[in-house]
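K.L.:
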Amino acid sequence: MLTSKQHDLLMFIHERLKEAGVPPSFEEMKDALGLKSKSGIHRLITALEERGFLRRLPHRARALEVIRLPDDSPTNARPAKTMFKPSVIEGALGKTGSLAGGFSEEAGTMVPMMGRIAAGVPIEAIQDHSSDIIVPPQMLGKGEHFALEITGDSMINAGILDGDTVLIKKADTARNGEIVVALVDDEEATLKRLRKKGGSIALEAANPAYETRIFGPDRVRVQGILTGLLRRY
């Protein structure tokens, strides 16, 4: 038996998945249910998970799957599984072509450009493969990679500037001190240096104008590790 809020949230997610193919953001869910904070949405989603109505797909932004609907709902069929890409904002950088310096497509490796990510205040994590770029193969090691355009200046002292393109190796763990794509509260993505302090995780900027943000370990998920940098002049 679901509470009225649990029922309303489940049906809102279900309808959004049917209409758009992606679940709503936590902000949209909060507004739809008339709640004052997103913490209430987290509690409702956890309760729906425990009751077997929802499933969170690991390591993916806003990744929710409706497993079943209440018995009194008009449709109790399980929706098709929705797949998600890494947590980023769609951008226009990285159209297929040659890199600066005359690097040719024939000599390179195609890497998906997943859009833009904040190197500053975290931005809402959407998802999509917006285009492809050509990367020199020597810049890529083992594993699956993707590219992101940087927006913001919080990593300038690490040599990462606004407008740069970073190469990211997909990973869900990282060593202390590595620069990572971090997903905060399942809905915000940012590029920061990872610091583990006891039972907490710190996301550290490389610019003294920005404060280090500290979270509990359940609030931060590593999406990938920085492996390279591309810059156009």
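When the letters of the sequence shown are read in order and numbered with the working numbering, they come out as residues 904 to 1136.
Heads up, the beta-carbon is just placed ideally off N, CA and C, and yes, glycines get one too.
Using the beta-carbon count (16 or more within 10 Å), is L912 buried or exposed?
P.N.:
Burial call: buried.
K.L.:
Can you tell me whether DSSP reads D1089 as helix, strand or coil?
P.N.:
D1089 falls in the coil class under three-state DSSP.
K.L.:
Please list the terminal residues of the continuous beta strand (DSSP E) segment that includes I916.
P.N.:
Taken as a continuous stretch (DSSP letters only), I916 belongs to no beta strand (DSSP E), being part of the alpha helix (DSSP H) at S907 to A923.
K.L.:
Any idea if P926 is buried or exposed, counting beta-carbon neighbours within 10 angstroms, 16 or more meaning buried?
P.N.:
The residue in question, P926, is buried, as its Cβ has 16 or more Cβ neighbours within 10 Å.
K.L.:
Please report the straight-line C-alpha distance between R971 and D1089, rounded to a whole angstrom.
P.N.:
Approximately 22 Å between the Cα atoms of the pair.
K.L.:
Let's test the definition: count the other Cβ atoms within 10 Å of the Cβ of R919 and tell me whether it reaches 16, buried, or not, exposed.
P.N.:
So R919 ends up on the buried side.
K.L.:
From V1083 to V1125, what does the alpha carbon distance come to, in whole angstroms?
P.N.:
Their Cα atoms are separated by approximately 7 Å.
K.L.:
In angstroms with no decimal places, state the Cα-to-Cα distance between T949 and G1044.
P.N.:
Taking the straight line from one Cα to the other gives about 37 Å.
K.L.:
What residue range is occupied by the uninterrupted alpha helix (DSSP H) comprising T949?
P.N.:
That run of the alpha helix (DSSP H) goes K941 to E953.
K.L.:
May I ask you to report which of helix, strand or coil DSSP gives L1064?
P.N.:
DSSP places L1064 in coil when its eight states are reduced to three.
K.L.:
By how many angstroms is the C-alpha of I944 removed from the C-alpha of L938?
P.N.:
Cα-Cα distance, rounded: 8 Å.
K.L.:
For the alpha helix (DSSP H) containing A1021, name the first residue and the last one.
P.N.:
No alpha helix (DSSP H) contains A1021, which is instead part of the beta strand (DSSP E) from T1012 to A1021.
K.L.:
Does the beta-carbon of R1078 have 16 or more other beta-carbons within 10 angstroms, so that it is buried, or is it exposed?
P.N.:
Flag for R1078 reads exposed.
K.L.:
Below 8 Å on the Cβ atoms is my guess for V1038 versus L1129; work out the distance and round it to an integer in Å.
P.N.:
Incorrect: roughly 14 Å between the Cβ atoms, too far for contact.
K.L.:
Give the single residue among V1014, L1106, P973 and L1086 whose Cα lies nearest to the Cα of A966.
P.N.:
Looking at the Cα atoms, L1086 is the closest of the given residues.
K.L.:
What is the rounded straight-line gap between the Cα of R954 and the Cα of L1064?
P.N.:
When rounded, the distance between both Cα atoms is 46 Å.
K.L.:
Starting from F929, trace the beta strand (DSSP E) both ways and give me its first and last residue.
P.N.:
Where F929 is concerned, there is no enclosing beta strand (DSSP E), although the alpha helix (DSSP H) it sits in stretches over F929 to L936.
K.L.:
Opposite I1128 in the DSSP bridges: which residues?
P.N.:
According to DSSP, I1128 bridges with K1072 and V1083.
K.L.:
Work out the CA separation of P973 and I1053 for me, nearest whole Å.
P.N.:
So the alpha carbons of these two residues sit roughly 43 Å apart.
K.L.:
Return helix, strand or coil for M986, following the three-state DSSP convention.
P.N.:
Any reading at M986 must be qualified, since the residue scores a pLDDT of 33, below 50, and its modelled position is unreliable; the value itself is stated next. DSSP places M986 in coil when its eight states are reduced to three.
K.L.:
Do D1035 and M1013 have their C-beta atoms within less than 8 Å of each other?
P.N.:
The answer is yes: Cβ separation under 8 Å.
K.L.:
Give the secondary structure of D1035 by DSSP, where H, G and I count as helix, E and B as strand, and everything else as coil.
P.N.:
In this structure, D1035 counts as strand in the three-state DSSP scheme.
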